[in-house]
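So the structure is just underneath, and the comments pick up after that.
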Amino acid sequence: MAVVTHIEYEDANEVVRGVYEDIMETRKTDSVNNFWKVLAFDSELLRTTWNETKSVMGSG
4 MAVVTHIEYE
14 DANEVVRGVY
24 EDIMETRKTD
34 SVNNFWKVLA
44 FDSELLRTTW
54 NETKSVMGSG
């Protein structure tokens with residue numbers, strides 16, 4: 004079985020924290036769901052995926 008790592012805010016690098024903060028601000032929430040935490044193993048993948056989906060995810 005595959006094991007994936009969830010990158011929590013406290014353990015994240017500067018790039019990942021920036022994306023997490025943007026996600027929380029955009030979605031008007033105080034948490035980031037596991038989908039984003041799993042993508043954060045690769046900060047560039049997280050950033051790119053968020054930037055491409057941000058307009059449709061929005062605050063709803």
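One point on numbering: in this note's numbering, the residue at position 24 of the sequence shown is 27, and numbering is uninterrupted.
Glycine included, every Cβ here is placed at the ideal spot set by N, Cα and C.
Please read these numbers as outputs of a predicted model, since none were measured by experiment.
Query                                                                                               : Result
Cβ neighbours of Y23 in the same chain (closer than 6 Å, five flanking residues each side left out) : Y12 and V35
As assigned by DSSP and simplified to three states, the class of T52                                : helix
Local conformation of E17 per DSSP, three classes                                                   : helix
Within 7 Å, strictly: CB atoms of K40 and I10                                                       : yes
Assigned secondary structure, S34 (DSSP; H/G/I helix, E/B strand, else coil)                        : coil
Residue environment, L48, which counts as buried when at least 16 other CB atoms sit within 10 Å    : exposed
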